[in-house]
Amino acid sequence: MSSRKEQIKKIPRESSDGGIKTSEDLHAWSIYRQNLNSDFTDSALGSCEKSPMPYGNFHLRETTMQSILSNPKYGPKSELGSNVYTYLKFGLPRVLPPNVYPVQDNSSGYDSTDEERDRRAIHVRGSHSVDNLNSVSKSKFDAFYPSNQLGDFKQSRLAKSELNLARQKSKYWIPEVASHGSDTPLTKSKQDRKTSEMGMNSIPTASIEAELAQYPHLQLRDCMLVEKASKVRSLEGLTLEAHGGELVGVLATNAENGSLFCDLITGTYNSKKYYSEGQILLNGHRITRSRLKSRVSYARSSHCFPENLSVRQVMLFRAYLQESEDNVRNKDVKGRIEALIEDLGLAQVKHARIKNITASEKRRLNLAVHLLLDADITVIDQPTNGMDIFDTFFLVEYLRQWASRGRLIIITIHPPTYEILTMISKVVLVSMGRIIYCGKRREMLPYFAFIDYPCPAYKNPSDYYLDLVTLDDLSQDAILESRQRIVHLATTFNLKAEPLSDPGPPGTLPPKFKTAQWIIQVMALIVRDVGYLYPYNIIFWAKTWLLAGTVSLLFGLFFIGIRWQYWNSSWVEDPSFEQDNIVNRFGLIHILLCFAPWPVLCSIVQIQGNERAVLQSELHERLYANICFHLVKNLLEFLPVCLTYAAYIIPGLALVGVHQDIDYHVLGIIILHLECWRQFLEFLLIAFDNKIFVLISSSVVGFLANLTTTFSIHPKDSPKWAQGLSLGFPNFWAFRSIIRTEFQSIDVLRCSTNPVITENSIIKQVPCGLPDGQGVIKYFELNEDSTSGLPLSDSILSLCIMYFVLKMLNVLGSILFQTHRK
1 MSSRKEQIKK IPRESSDGGI KTSEDLHAWS IYRQNLNSDF TDSALGSCEK
51 SPMPYGNFHL RETTMQSILS NPKYGPKSEL GSNVYTYLKF GLPRVLPPNV
101 YPVQDNSSGY DSTDEERDRR AIHVRGSHSV DNLNSVSKSK FDAFYPSNQL
151 GDFKQSRLAK SELNLARQKS KYWIPEVASH GSDTPLTKSK QDRKTSEMGM
201 NSIPTASIEA ELAQYPHLQL RDCMLVEKAS KVRSLEGLTL EAHGGELVGV
251 LATNAENGSL FCDLITGTYN SKKYYSEGQI LLNGHRITRS RLKSRVSYAR
301 SSHCFPENLS VRQVMLFRAY LQESEDNVRN KDVKGRIEAL IEDLGLAQVK
351 HARIKNITAS EKRRLNLAVH LLLDADITVI DQPTNGMDIF DTFFLVEYLR
401 QWASRGRLII ITIHPPTYEI LTMISKVVLV SMGRIIYCGK RREMLPYFAF
451 IDYPCPAYKN PSDYYLDLVT LDDLSQDAIL ESRQRIVHLA TTFNLKAEPL
501 SDPGPPGTLP PKFKTAQWII QVMALIVRDV GYLYPYNIIF WAKTWLLAGT
551 VSLLFGLFFI GIRWQYWNSS WVEDPSFEQD NIVNRFGLIH ILLCFAPWPV
601 LCSIVQIQGN ERAVLQSELH ERLYANICFH LVKNLLEFLP VCLTYAAYII
651 PGLALVGVHQ DIDYHVLGII ILHLECWRQF LEFLLIAFDN KIFVLISSSV
701 VGFLANLTTT FSIHPKDSPK WAQGLSLGFP NFWAFRSIIR TEFQSIDVLR
751 CSTNPVITEN SIIKQVPCGL PDGQGVIKYF ELNEDSTSGL PLSDSILSLC
801 IMYFVLKMLN VLGSILFQTH RK
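First residue of the sequence shown? That's 1 in UniProt numbering, and the numbers climb one at a time after it.
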């Protein structure tokens, strides 16, 4: 430390050379930033005692700050892009060739190792880890080192390490994961996590590793995942093993690689798109895809819960539907739910709606529902995505504690901070679908140092090595160079990695997860949709009823009295209709069937669109059968939908006028017509899962259907192709049958406005063109003798057939498209 302070004191603060001054300012900023990092580490660990600053009480001058703020990213003499020994702008590190360690001539200010640019290879830090610095046990890569060189290498790293964690002692401890009834749960809230006592000797797990359990024992032997269409290997040559008690961290260069890695391990990849090769052994058994996914708990990155449920209700609902076959693990479910809620810091929001909690709390809830199964193997895709450093630190430490109970935890994670990296017991580095490194975390840096890719001083190893194996697409040369480097590193690891251990005699497989019987699934769905969602389900339907009633009142006020003038007592005594009443009635039925229903139908179908993502997520988790969902959905929606249709039909027709001769079969035809369109809209949502596309396509289909009505064009003038097309729309069956029913009871249609003429000395009024209702039916070819006329019974039967066909398409489409999306 004293030598470093002397170096700092020797920095000339004033210089006439602007380039030297800039370099010195950036050097000072590098020193100051390391002090900040040290202070931040203490805060993240919840340390009461602040560790001594690496460079003492170092402060920046105001002139230095101004110089840093005004300094461009790179100096004018930068050779970036042309010199393979420097860094690309905003790109990846230009890794030094083996055994070559040139001097950096021009620092960009980005790397905190500028002060070390004059050091040779012996001064490059190999690891920050205290267990790596203090370990006297042999690494599995020790066979690759000459014994004297290995000792000298470790000794030099211990001497030159800037952050000698071996000398730090922490006064904090981490309690075990709380179980039900525990007096000391790991946490009660986010505030408790910040101030809770935690830690071990130095950084957590830095010098302590959980004793590995014999089971579960997972092995992947030369596994690959291949796209069926293009034969491209998305993953290849995956060979690794893991035991119970390990927290395995998968560092992938992109999220898709990490997710595919998890899909392969859990057997949940899309079998329509991919096929796998290789062997997966679990506890000594060669296991198939179907047997694997029924024993491994998989928490996907894309999780979706019903937004109106509370945190506790989500966990109770999951517990009703899925549990382990091991009855010992299923005891006191509610107690374990409460313990997980406390441990994962969800106690303060356990009664809050999902839509009102934060993204971090949603991810912890997603983790809780999968840990509730208490599976031997749990795979978690991006559990810390979007979390802050404190939540990430807490969650990874919690998973490490959970794994220490003899469970195997596999997570994909963004490049973690160094402190979080030390909590992981095994690291899998994946790039371009190939494993670059797989082994103990404490052996990662010695391995890369041995193959001449040591981690520079003051660099986060996870950041550095993930950048090292990321495909650089800034230029063609960069792509070629980075691709060759990745292939070289993957090939090197395949040559130097130890073979997998002998799995030994087959052991007992982990217990499977069993889904509840169909009657329990139906009851659980009813409890959720009726009980848990109350009062939000009532509020939704109340809004829909209000909308339907408003639309009905609007068209009723517009067509008021065209069927029965009940407020006019003299008219009621001698009812009569004028000739222009024909057009009014046509317009009423056209609006009632073709235009006014769309706002109401879209409101009803809206709930289908809102719950679509939830349905897909829960079907992926195999919580219940698709047929059970549709059974409960139809059962619970029957009464609210009928009330919606009643609110749509009754107020409007009451204003229009319901005369004494109305045929109430017409109400059934209107309801069947509306149901056919609702089923059609739901089918579009299932098939395309895109609200904008559904809106556009349904508008086009509705426009074509409206053209087929008699009100739009006379049947004689309609082209043949349109007449055939009209048979596929409910408008054809409903409109003409209702019109015929409307007019068949009208005996006289008056023409009081027709002129009076004299013919053969006889004064008479010009006769009406359509004297009665039967004349209207015959003129528009709606009588049963015409080709376009249909009996009322045939219309009802046709609409019923159309409804059941669309309903079956919905159920089958939901199953088929759901399987395709998997």
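Ideal placement from N, C-alpha and C gives every residue a C-beta, glycine not left out. Being a predicted model, the structure only gives us computed values, none of them experimental.
- For the 8 Å CB-CB criterion, Ala-516 and Tyr-320 form a contact.
- A distance below 8 Å separates the beta carbons of Arg-221 and Leu-500.
- Counting only unbroken stretches of 4 or more residues, the alpha helix (DSSP H) elements lying wholly within the segment 376-438 are 389-403 and 418-421, in sequence order.
- Between the segment 764-775 and the segment 739-748 there are three or more inter-stretch CB-CB distances shorter than 8 Å, so the stretches are counted as touching.
- When secondary structure is reduced to three states using DSSP, Lys-440 falls in the strand class.
- Assigned with DSSP and collapsed to three states, Glu-781 falls in coil, not helix or strand.
- The beta carbons of Ile-413 and Gly-249 sit closer together than 8 Å.
- At a cut-off of 4 residues, the continuous stretches assigned as alpha helix (DSSP H) that sit fully inside the segment 717-770 are 720-726 and 730-743.
- Around the C-beta of Lys-459, 16 or more other C-beta atoms lie within 10 Å, and the residue is accordingly described as buried.
- Per the DSSP secondary-structure output, Met-224 pairs in a beta bridge with Glu-277.
- With 16 or more neighbouring CB atoms inside 10 Å of its own CB, Trp-564 falls in the buried class.
- By DSSP's assignment, Tyr-648 forms no beta bridge with any residue.
- Per DSSP, the unbroken beta strand (DSSP E) holding Gln-322 starts and ends at 322-324.
- For Val-614, there is no enclosing beta strand (DSSP E); the residue is part of the alpha helix (DSSP H) that begins and ends at 612-620.
- For Phe-595 and Ala-705, the gap between their C-alpha atoms comes out near 11 Å.
- Your pair Lys-440 and Ser-425 checks out as a contact, with CB atoms roughly 7 Å apart and the cut at 8 Å.
- As a beta-bridge residue in DSSP terms, Gly-249 pairs with Ile-411 and Val-427.
- Sixteen is the threshold: since fewer than 16 other Cβ atoms of the shown chains lie within 10 Å of the Cβ of Pro-767, the residue is exposed.
- For Tyr-536, the enclosing alpha helix (DSSP H) stretches over residues 536-558.
- Under DSSP, Glu-578 takes part in a beta bridge, and its partners are Arg-750.
- For Arg-622 and Lys-293, the gap between their C-alpha atoms comes out near 10 Å.
- Take the alpha-carbon of Asn-810 and the one of Glu-637: they are about 15 Å apart.
- In the three-state DSSP reduction, His-488 falls in the helix class (H, G or I).
- With a 10 Å radius around the Cβ and a threshold of 16 neighbouring Cβ atoms, Ala-542 comes out exposed.
- Contact annotation, Leu-373 with Pro-383: C-beta distance approximately 16 Å; criterion of less than 8 Å not satisfied.
- For Leu-316, the closest C-alpha among the options Ile-696, Lys-350 and Trp-402 is that of Lys-350.
- Separation of Leu-260 and Ser-234 (C-alpha to C-alpha, rounded to the nearest whole angstrom) is 8 Å.
- Glu-236 sits in a strand when the DSSP states are folded into three classes.
- Its chain contains Val-605, Gln-608, Gly-609, Arg-612 and Val-694 as the residues whose beta carbon lies nearer than 7 Å to that of Leu-685, once the 5 sequence neighbours on both sides are disregarded; these appear in chain order.
- Within 10 angstroms of the beta-carbon of Val-700 lie fewer than 16 other beta-carbons, which makes it exposed.
- Judged by beta-carbon spacing, Ala-497 lies beyond the 8 Å limit of Ile-436, meaning their Cβ atoms are not closer than that value.
- For Thr-515, the secondary structure class from DSSP, reduced to helix, strand or coil, is strand.
- At a Cβ-Cβ threshold of 8 Å, Glu-419 and Phe-393 count as neighbours.
- Around the beta-carbon of Asn-254, fewer than 16 other beta-carbon atoms lie within 10 Å, marking it exposed.
- Scanning Met-444, Ser-569, Ser-761 and Leu-799 for the CA closest to the CA of Leu-667 turns up Leu-799.
- Assigned with DSSP and collapsed to three states, Gln-219 falls in strand.
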